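**Student:** Sharing a structure with you now.
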Amino acid sequence: MLIELLVIVLVIGVIGTASAARIITQYERGVVFRFGRLQESVRGPGLTFVVPGVDRLRKVNLQIITMPVPAQEGITRDNITVRVDAVVYFNVTDPARALVNVEDYLFAMGQVAQSSLRSIIGKSDLDDLLSNRERLNQGLEVMIDNPALHWGVHIDRVEIKDVSLPESMKRSIARQAEAERERRSRIIAADGEFQASRKLSEAAGVMADAPAALQLRLLETVVEVAAEKNSTLVLPFPVELLRFVEHAQHTAAGPAPEQRRDEPRPGAIDQVPDPAGVPDVEGVPQVHDARMGPGVLSSGSG
2 MLIELLVIVL VIGVIGTASA ARIITQYERG VVFRFGRLQE SVRGPGLTFV
52 VPGVDRLRKV NLQIITMPVP AQEGITRDNI TVRVDAVVYF NVTDPARALV
102 NVEDYLFAMG QVAQSSLRSI IGKSDLDDLL SNRERLNQGL EVMIDNPALH
152 WGVHIDRVEI KDVSLPESMK RSIARQAEAE RERRSRIIAA DGEFQASRKL
202 SEAAGVMADA PAALQLRLLE TVVEVAAEKN STLVLPFPVE LLRFVEHAQH
252 TAAGPAPEQR RDEPRPGAID QVPDPAGVPD VEGVPQVHDA RMGPGVLSSG
302 SG
């Protein structure tokens with residue numbers, strides 16, 4: 002009888018011990034509520050015991066939680082509609098406050114992240130969302146971290162993942178980028194032409210001081226052209242040489258002799274009045290032509 006009683010007590014003890022034992026893993030912490038009252042001591046990892054029927058143990062995960070924020074549609078400060086999504090990395094630093102101060106800290110963190118993301122969209126320009134994300138990430142982290150401090154949650158990192166734009170805005174940005182690249186290419190080409198013109202001007206000054214340099218440059222150009230085994234050779238000819246030849250021709254010919262005014266011009270007709278006083282025929286005056294001999298009349302055209 003005694004043995005049976007001992008066995009019963011042993012079984013009851015084993016069952017009670019098993020029901021009172023709790024195992025907490027390394028990345029968790031245990032919060033005990035005794036008769037609904039929070040116990041100040043937080044149970045660490047390992048084997049711990051609670052009073053069955055009196056204590057209630059809640060385990061809180063201390064690992065970093067990755068929470069994706071759904072895409073939020075908003076209007077930027079420069080009146081452009083965009084859709085932005087983000088991701089939040091956070092972890093619990095105070096398990097007791099995470100259980101007591103907020104009903105569901107995961108749901109609360111999601112709602113705060115969404116509202117903060119919409120707020121940061123309305124305060125930013127499109128250029129900031131596309132090119133200055135680091136500053137926006139820091140601002141978004143501060144906005145989320147303010148209420149999270151009272152919940153025993155620490156925000157580790159916040160990042161904006163993607164910014165979706167309407168198709169019309171994408172085409173406008175593409176045209177703007179193309180125009181900017183075209184502007185830069187023209188500036189670079191113009192700057193190259195300017196530098197080349199300055200170098201050519203300096204080269205022209207050197208050649209003007211040393212005329213033989215122009216001839217050497219001409220011969221070098223001929224060598225470069227002839228190296229390609231072309232059947233046609235284009236030889237540049239200085240315009241100054243043509244002007245010199247033309248001037249030499251005018252000098253060798255000399256000035257043209259002036260023709261005497263009293264000498265008859267070749268092919269000219271000497272017209273003198275008729276000495277016989279032949280009357281006009283039909284009102285046309287009759288003149289004497291010296292080439293036709295005496296007595297020959299030639300009527301002058303009106």
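In terms of my numbering, the sequence shown is residues 2 to 303.
Every residue, glycine too, gets a C-beta built ideally from N, C-alpha and C.
Here the structure is a predicted model, which is why all the values come from computation and not from measurement.
Taking only three categories from DSSP, how would you classify P96?
**Tutor:** As a position in the sequence shown, residue 96 is number 95, starting the count at 1. P96 falls in the helix class under three-state DSSP.
**Student:** So, using beta-carbon positions, are Q73 and L118 closer together than 7 Å?
**Tutor:** The residue labelled residue 73 in the question sits at position 72 within the sequence shown. The residue labelled residue 118 in the question sits at position 117 within the sequence shown. In contact: Q73 and L118 (Cβ atoms closer than 7 Å).
**Student:** In the DSSP assignment, find the unbroken alpha helix (DSSP H) run with P148 in it and report its ends.
**Tutor:** Residue numbering aside, residue 148 sits at position 147 when the sequence shown is read from its first letter. For P148, the enclosing alpha helix (DSSP H) begins and ends at R134 to A149.
**Student:** Please classify A209: is it buried, with 16 or more other beta-carbons within 10 angstroms of its beta-carbon, or exposed?
**Tutor:** Your numbering for residue 209 matches position 208 in the sequence shown. With a 10 Å radius around the Cβ and a threshold of 16 neighbouring Cβ atoms, A209 comes out exposed.
**Student:** So, is G47 buried or exposed, given that buried needs 16 or more other C-beta atoms within 10 angstroms?
**Tutor:** Position 46 of the sequence shown, counted from the start, is the residue given in the question as residue 47. Exposed.
**Student:** Mind checking F310: buried by the 16 CB within 10 Å criterion, or exposed?
**Tutor:** Coverage of the chain is limited to positions 2 through 303, which leaves residue 310 absent and any answer about it impossible.
**Student:** Sort G75, A19 and Q250 by Cα distance to S165 and report the nearest one.
**Tutor:** Within the sequence shown, residue 165 is the residue found at index 164, counting from 1. Of the candidates G75, A19 and Q250, the one whose C-alpha sits nearest the C-alpha of S165 is G75.
**Student:** Taking DSSP as the reference, what is the three-state secondary structure of Q40?
**Tutor:** Position 39 of the sequence shown, counted from the start, is the residue given in the question as residue 40. DSSP, reduced to helix, strand and coil, places Q40 within a strand of the structure shown.
**Student:** Check whether the stretch 94-112 and the stretch 170-187 touch, using three or more Cβ-Cβ pairs below 8 Å as the test.
**Tutor:** no
**Student:** Among the residues of its own chain, which have a CB less than 7 Å from the CB of E160, if the five just before and after it don't count?
**Tutor:** Counting from one through the sequence shown, the residue named residue 160 turns up at place 159. Within the same chain, E160 has close Cβ partners A87, V88 and N138.
**Student:** In terms of residue numbering, what span does the beta strand (DSSP E) encompassing G47 cover?
**Tutor:** Mapped onto the sequence shown, residue 47 falls at position 46. G47 -> beta strand (DSSP E) spans G47 to F50.
**Student:** Compute the distance between the beta-carbons of R35 and V61, then report whether it is under 7 Å.
**Tutor:** For the purposes of this step, residue 35 is taken as the residue at position 34 of the sequence shown. For the purposes of this step, residue 61 is taken as the residue at position 60 of the sequence shown. Cβ atoms of R35 and V61: not closer than 7 Å.
**Student:** Is R78 helix, strand or coil when you go by DSSP?
**Tutor:** Residue numbering aside, residue 78 sits at position 77 when the sequence shown is read from its first letter. The three-state secondary structure of R78, taken from DSSP, is coil.
**Student:** Can you give the Cα-Cα distance for D157 and V93, rounded to whole angstroms?
**Tutor:** Looking up residue 157 in the sequence shown gives position 156. Looking up residue 93 in the sequence shown gives position 92. Going by the C-alpha atoms only, they are around 10 Å apart.
**Student:** Given P148, which residues of its chain have a CB within under 7 Å of its CB, disregarding the five upstream and five downstream residues?
**Tutor:** Translated into the one-based positions of the sequence shown, residue 148 becomes position 147. Counting only Cβ-Cβ distances below 7 Å, and skipping sequence neighbours, we find V113.
**Student:** Whose CA, out of L58, L130, L243 and D192, lies closest to the CA of T77?
**Tutor:** For the purposes of this step, residue 77 is identified with residue 76 of the sequence shown, where counting begins at 1. It is L130.
**Student:** Within this structure, are the beta carbons of L141 and I121 separated by less than 7 Å?
**Tutor:** Numbered from 1 along the sequence shown, position 140 holds the residue referred to as residue 141. Numbered from 1 along the sequence shown, position 120 holds the residue referred to as residue 121. Yes. Within cutoff.
**Student:** Can you list, in chain order, the residues of its chain whose CB lies under 7 Å from that of A22, leaving out five sequence neighbours each side?
**Tutor:** Residue 22 sits at position 21 when you count from the first residue of the sequence shown. Only L48 and F50 meet the Cβ criterion.
**Student:** Taking just the CA atoms, how far does L11 sit from R3?
**Tutor:** Mapped onto the sequence shown, residue 3 falls at position 2. Mapped onto the sequence shown, residue 11 falls at position 10. Rather than Arg, the amino acid found at residue 3 in this sequence is Leu. Near 12 Å, if we compare the C-alpha coordinates of L11 and L3.
**Student:** Since R30 and G14 are thought to touch, with beta carbons under 8 Å apart, how far apart are those beta carbons, to the nearest angstrom?
**Tutor:** Looking up residue 30 in the sequence shown gives position 29. Looking up residue 14 in the sequence shown gives position 13. In fact, because the Cβ distance is near 28 Å, the residues do not count as touching under 8 Å.
**Student:** I'd like the list of long-range same chain contacts for V70, defined as Cβ closer than 8 Å, with 5 residues on each side in sequence excluded.
**Tutor:** Along the sequence shown, one-based indexing puts residue 70 at 69. If we look at V70 and ignore the five residues flanking it on each side, its Cβ neighbours are D86, A87, V88, V89, G111, A114, Q115 and L118.
**Student:** Can you give me the C-alpha to C-alpha distance between D95 and S20, rounded to a whole angstrom?
**Tutor:** Residue numbering aside, residue 95 sits at position 94 when the sequence shown is read from its first letter. Residue numbering aside, residue 20 sits at position 19 when the sequence shown is read from its first letter. Approximately 27 Å between the Cα atoms of the pair.
**Student:** Taking all protein chains shown into account, do 16 or more other C-beta atoms lie within 10 angstroms of the C-beta of I16, making it buried, or fewer, making it exposed?
**Tutor:** Sequence index remark: in the sequence shown, residue 16 carries index 15 (1-based). Exposed: under 16 other Cβ atoms inside 10 Å.
**Student:** Does DSSP classify P212 as helix, strand or coil?
**Tutor:** Sequence index remark: in the sequence shown, residue 212 carries index 211 (1-based). Three-state DSSP puts P212 in a helix.
**Student:** For V43, which residues from the same chain have a beta carbon less than 7 Å from its beta carbon, with the 5 sequence-adjacent residues on both sides left out?
**Tutor:** Counted from its first residue, the sequence shown places residue 43 at position 42. Contacts found: R30, G31, V32, P96 and A97.
**Student:** Starting from the C-beta of A82, find all residues in its chain whose C-beta is less than 6 Å away, skip the five residues before and the five after it, and write them out in chain order.
**Tutor:** Translated into the one-based positions of the sequence shown, residue 82 becomes position 81. According to the sequence shown, residue 82 is Thr rather than Ala. Cβ within range, chain order: I76.
**Student:** Would you report the Cα separation of M144 and V154, rounded to the nearest angstrom?
**Tutor:** Taking the sequence shown and counting its residues from 1, one reaches residue 144 at position 143. Taking the sequence shown and counting its residues from 1, one reaches residue 154 at position 153. When rounded, the distance between both Cα atoms is 13 Å.
**Student:** Helix, strand or coil for S20, going by three-state DSSP, please let me know.
**Tutor:** Translated into the one-based positions of the sequence shown, residue 20 becomes position 19. Correct three-state label for S20: helix.
**Student:** Measure the CB-CB distance between L63 and Y28 and report whether it falls below 7 Å.
**Tutor:** Taking the first residue of the sequence shown as 1, we reach residue 63 at position 62. Taking the first residue of the sequence shown as 1, we reach residue 28 at position 27. Closer than 7 Å, so yes.
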